[in-house]
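Below you'll find the structure, written out as structure tokens, and then a few comments.
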Amino acid sequence: MMADAAPLLSIKEITKKFTGITAVDHVSFDIGNNEIHALIGENGAGKSTLCKMLTGEYNIDEGHIEINGEEMHFKEPADSMKVGISMVYQERNLVGYMTAAQNVFLGSEPMKGIVVDQKEIQKKAEKLQEYLGVNIPLDVPVEKLGAGEQQLVEIMRANSTTPQILILDEPTASLGEGEIGPFLNFVKKMTKDLDLSVIYITHKLEEIFAIADKVTVMADGKKTLTANISEITQEECVKAMIRGDKIKTFDIPKKDYKELEKKKVIEVNELTYGGKEHDVQFYVCKGEAVGFYGLVGSGRTETMEIISGIRPADKKEFMFDGETVTGGDSFKMIQKGIILTPELRRDGIFPSLNLVENVCTLFVKKFATAIGMIKKKEGVDFTLEVLKKNGTKYTSRNQLISELSGGNMQKIIIGRSIEVENLKLITMDEPTAGMDLGAKSEIYLKIRNLTDNLEKGVIFISSELEELLKVCDRMYVFYEGNIVKELKREEFDKEVILGYALGGAVNG
Amino acid sequence: MEKVKQKNNINVSKYVLLVFTIAVGIVFAVLQPTFISFGNLTNVVSSTVVLCIASIGLSLVMITGEIDFACGSELAAAACMSVVLYKKGIPYVLVLVIVLLFCAAVGAVNGFLHTRIGIPGFIATMGTSFVLDGFSKWFTGGKRVTISTGGNTFSRLGQYRIGGVIPISIVVLLLVVVAMLIYTEGMTNGRKLYAVGSNDSACKYIGIDARKEKMKAFIISAVLCGLAGIINASQLNMANPYMGETTLVNLLTMLMLGATFYRIGEFNVPGTIVGALLVNIINNGMVLVGAETWQQFVLQGAIMLGAVTLITILRARVSKKG
Chain A
35 MMADAAPLLS IKEITKKFTG ITAVDHVSFD IGNNEIHALI GENGAGKSTL CKMLTGEYNI
95 DEGHIEINGE EMHFKEPADS MKVGISMVYQ ERNLVGYMTA AQNVFLGSEP MKGIVVDQKE
155 IQKKAEKLQE YLGVNIPLDV PVEKLGAGEQ QLVEIMRANS TTPQILILDE PTASLGEGEI
215 GPFLNFVKKM TKDLDLSVIY ITHKLEEIFA IADKVTVMAD GKKTLTANIS EITQEECVKA
275 MIRGDKIKTF DIPKKDYKEL EKKKVIEVNE LTYGGKEHDV QFYVCKGEAV GFYGLVGSGR
335 TETMEIISGI RPADKKEFMF DGETVTGGDS FKMIQKGIIL TPELRRDGIF PSLNLVENVC
395 TLFVKKFATA IGMIKKKEGV DFTLEVLKKN GTKYTSRNQL ISELSGGNMQ KIIIGRSIEV
455 ENLKLITMDE PTAGMDLGAK SEIYLKIRNL TDNLEKGVIF ISSELEELLK VCDRMYVFYE
515 GNIVKELKRE EFDKEVILGY ALGGAVNG
Chain B
1044 MEKVKQKNNI NVSKYVLLVF TIAVGIVFAV LQPTFISFGN LTNVVSSTVV LCIASIGLSL
1104 VMITGEIDFA CGSELAAAAC MSVVLYKKGI PYVLVLVIVL LFCAAVGAVN GFLHTRIGIP
1164 GFIATMGTSF VLDGFSKWFT GGKRVTISTG GNTFSRLGQY RIGGVIPISI VVLLLVVVAM
1224 LIYTEGMTNG RKLYAVGSND SACKYIGIDA RKEKMKAFII SAVLCGLAGI INASQLNMAN
1284 PYMGETTLVN LLTMLMLGAT FYRIGEFNVP GTIVGALLVN IINNGMVLVG AETWQQFVLQ
1344 GAIMLGAVTL ITILRARVSK KG
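Chains A and B supply the protein sequences, listed in that same order. When we follow our numbering, the leftmost residue of the first sequence carries the number 35, and every step to the right adds one. When we follow our numbering, the leftmost residue of the second sequence carries the number 1044, and every step to the right adds one.
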């Protein structure tokens, strides 16, 4: 990179303390001109907090930052924007019914007298597109765009102020497998073409090695490593991120499929929803983890939400535990022993309720007398047991669930679901989304425990093929609402699976 | 560490409203010793009865995240109906049954419009409130209707004192309070109710039918508002179609205050009860110390704003953690 001149951005011993804990602890590193600098670490390692200090969203408690050798003190994000720092947050901040162009210039619309100059917006947006080298429809509401295109709209917006430094917070978290590659190429090209520097926050090591020039690893608020990407291996990165003992390993026992098939929990042929018949032939046996793979929107979630009584269907009929099921809401399905943990974590929690209430709402009948009086003591004891069994970190059972970290929320969501009486089939929809490696491995272990020791059927829906390959006994590939391929564990092949997921039945 | 601190903050502030209410009571007692005379205290409570019962009803709907805009109209319609039906010579007990059933039906219509048709609760109940106001004007002829003969069964509910001391209306209030506290804090119904309010879309994943819970809330709200109206008519020996006009605003003050209590930042029944008590202590106390009407308004407004400010700050603190 650039020689001795002061680096573009220099982070000097910055520290952020929240009441009691130190979120970022004397971290220093430099960002050079025109470099993609990856920032990795587990959840809660302090990456986002660090970046929020760079944008001025948080005050810096100790230390400071320098831009081109000049000390900076930001009071709010507008200050950092002035000197060329712009951030794309992990959560989408788009107004769904507005067009891409309108979203990009939201809040800084060019005016014509007292009205917004729509023509000018369109023109400026087109210019920006050309400048960035992207091509997305500017005149349709952004809610009609795909996740990848929406991400590009966010990036366009961040670039509308022509920053020198662009911070991308987990930009691929919501993208499907097929969208990630092109997106990474785009980031690389943009960085080069615009002479930008990018701070790229992520969990995914492959991405770092695909695009970054340098990497900084954080763990527990401290910097553990900064290195040129060419001088480091994946293993070294992982070691810097976590203590080795936090990743749990497991073996998958060999299965006798003939024997297994005698114990089918569920068998489905087709479902009709959205006015269309969908060919979703699959079955799950006792003690089997079955993966559902497919692109975002390929019908994995829809299928299982219909089976679990959450989503209405035009017509459904399937065999479950020896009986034909044609209807029933989620309450009835849970009683039968089918439950689903939602794709979005926020759909699984009651933010303004405490931990006991969050666990016990699933068991309103169980911890109540015949006339509906709550048995408080039993509910509390049960909750404490669930929390303990699942290794949840919390300070008080009376604290609100929204005070917990995402990983701990997920532990509660899954933990309470597997306690459902006479549970036979549990569907986990993207249970590891946004989790770090240690927490992910705990989920994998939990799934294998459910199948191998407790004889439950598990459906594991995920957009990360690697984890399905690692955990599942069998896999179904979805394409445009239908199941297009079934594979047994010994037939698992990444390329074949991706082929079906991207191209449907073309191959077969 | 950080979380421990946060939690303690919230736990302490959980009961601030009750402490404040007691403190206000003490201040009035010092300023004007008659405030704590038994006679005045029963006055404070019995003047609370109508709005307190209605506010508990409204709380249920507000807990689910909706609003019953029609609560004032339900109150007025019930009051008018009770007078008109009683004047027709129908026994009072039967009048009670008819009016409360009518209110339950109104609540069911509100619930149906919102949960089954999908109209936002605010708009659905606004619609029914106009219809109800129309009804009230129709069977009262648009003016106030009175019960002339004193000492009749009609005025018992609102005015009779058991043993000449304890008003029946306070007994009714206590029954409603106890019943609704058990319902919301001690029963599965309440657990589901708060769950619906906390996250509507999470309910379906754990087998709670949010629509059913909202339906129940709308029905109970309408019935309790109706009961409040009946008691009000009985207290006044009269009713008119306009008596519910300011009800909603008054109830909202109590609910907002209540949301600073027990479940911070959320509407809840225990909080509403304390809130209702506080509003009435202030109103009554201000009268006793000889304050002028404008001063009452200023103080009530200031307290309401203070409460909302507090909720907003507390909510922001909670959501920051999320």
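From the three backbone atoms N, C-alpha and C, an ideal C-beta is built for every residue, glycine too. From a predicted model like this one, the values you see are computed outputs, not experimental measurements.
Span separating the alpha-carbon of residue i from that of residue j
| i | j | result |
| --- | --- | --- |
| Lys1180(B) | Ala1119(B) | 10 angstroms |
| Val330(A) | Leu1320(B) | 54 angstroms |
| Gly321(A) | Cys506(A) | 11 angstroms |
| Ala261(A) | Ile493(A) | 40 angstroms |
| Pro171(A) | Lys146(A) | 24 angstroms |
| Glu489(A) | Asp285(A) | 16 angstroms |
| Lys46(A) | Glu105(A) | 10 angstroms |
| Glu525(A) | Tyr1226(B) | 56 angstroms |
| Ala1147(B) | Val1062(B) | 36 angstroms |
| Ala1276(B) | Ala1122(B) | 5 angstroms |
| Val1266(B) | Ser1098(B) | 12 angstroms |
Cβ-based burial, residue i [other Cβ within 10 Å; buried from 16]
| i | result |
| --- | --- |
| Glu476(A) | buried |
| Ile1274(B) | buried |
| Ala72(A) | buried |
| Lys366(A) | exposed |
| Gln198(A) | buried |
| Ala112(A) | exposed |
| Gln315(A) | exposed |
| Glu293(A) | exposed |
| Glu125(A) | exposed |
| Pro287(A) | exposed |
| Gln1338(B) | exposed |
| Lys411(A) | exposed |
Spatially closest choice to residue i from the options, by CA coordinates
| i | options | result |
| --- | --- | --- |
| Val1239(B) | Glu489(A), Leu396(A), Thr56(A), Asp527(A) | Leu396(A) |
| Ile1096(B) | Val1219(B), Ala1245(B), Glu1256(B), Val1087(B) | Val1219(B) |
| Ala16(A) | Val149(A), Val168(A), Glu110(A), Met121(A) | Any question about residue 16(A) goes unanswered here, given that chain A covers just 35 to 542. |
| Asp254(A) | Tyr165(A), Thr83(A), Lys226(A), Phe401(A) | Thr83(A) |
| Gln1278(B) | Leu1144(B), Ser1264(B), Ile1213(B), Ile1069(B) | Ile1213(B) |
| Ser1102(B) | Gly1349(B), Ile1211(B), Arg1306(B) | Arg1306(B) |
| Asn137(A) | Pro175(A), Met115(A), Gly533(A) | Pro175(A) |
| Thr206(A) | Lys178(A), Ile242(A), Leu166(A), Ala192(A) | Ile242(A) |
| Ile300(A) | Thr337(A), Glu265(A), Lys445(A) | Thr337(A) |
| Ile448(A) | Leu434(A), Asp463(A), Leu438(A) | Asp463(A) |
| Val1341(B) | Ile1325(B), Ile1356(B), Leu1353(B) | Ile1325(B) |
| Gly31(A) | Lys519(A), Glu520(A), Leu499(A), Ile266(A) | Lying before the first or after the last residue shown, residue 31(A) is absent from chain A, which here runs from 35 to 542. |
| Met275(A) | Ile446(A), Ser264(A), Glu183(A), Lys257(A) | Lys257(A) |
| Gly1164(B) | Gly1229(B), Glu1228(B), Phe1071(B), Thr1107(B) | Thr1107(B) |
| Asp173(A) | Val187(A), Gly182(A), Glu110(A), Tyr165(A) | Val187(A) |
Chain E contact residues for residue i, given Cβ-Cβ distances below 9 angstroms
| i | result |
| --- | --- |
| Met407(A) | Judged by its chain identifiers, the structure shown contains no chain E, and its protein chains are A and B. |
Any chain A beta carbon closer than 7 angstroms to residue i
| i | result |
| --- | --- |
| Glu1309(B) | yes |
| Ser1003(B) | Past the edges of chain B, shown from 1044 to 1365, lies residue 1003(B), and the structure says nothing about it. |
| Ile1249(B) | yes |
| Arg1234(B) | yes |
| Ala1245(B) | yes |
| Asn1083(B) | no |
| Ala1238(B) | yes |
| Asn1242(B) | yes |
Closer than 7 angstroms to chain B by CB, residue i
| i | result |
| --- | --- |
| Gly130(A) | no |
| Leu387(A) | yes |
| Pro376(A) | yes |
| Gly278(A) | Residue confidence is low: Gly278(A) scores 48 on pLDDT, short of 50, so the model does not pin down where it sits. No coordinate-derived value is stated. |
| Ala261(A) | no |
| Thr395(A) | yes |
| Ser142(A) | no |
| Gly382(A) | yes |
| Phe365(A) | yes |
| Ile372(A) | no |
| Ile368(A) | yes |
Along the chain, which unbroken stretches of the alpha helix (DSSP H) at least 4 residues long are found entirely within the region 249-334 of chain A? Fully enclosed alpha helix (DSSP H) runs of no fewer than 4 residues occupy 268-275, 291-295 of the region 249-334 of chain A, in order along the chain.
Give, in chain order, every unbroken run of the alpha helix (DSSP H) that is at least 4 residues long and sits entirely within the region 1275-1339 of chain B. Complete alpha helix (DSSP H) runs here, min 4: 1290-1301, 1312-1331.
Entirely within the region 448-513 of chain A and at least 3 residues each: give me those beta strand (DSSP E) ranges in chain order. Counting whole runs of 3 or more residues, the region 448-513 of chain A contains the beta strand (DSSP E) stretches 459-463, 491-495, 508-513.
Kindly provide the ranges of any beta strand (DSSP E) runs that are 3 or more residues long and lie completely inside the region 167-223 of chain A, ordered along the chain. Complete beta strand (DSSP E) runs here, min 3: 199-203.
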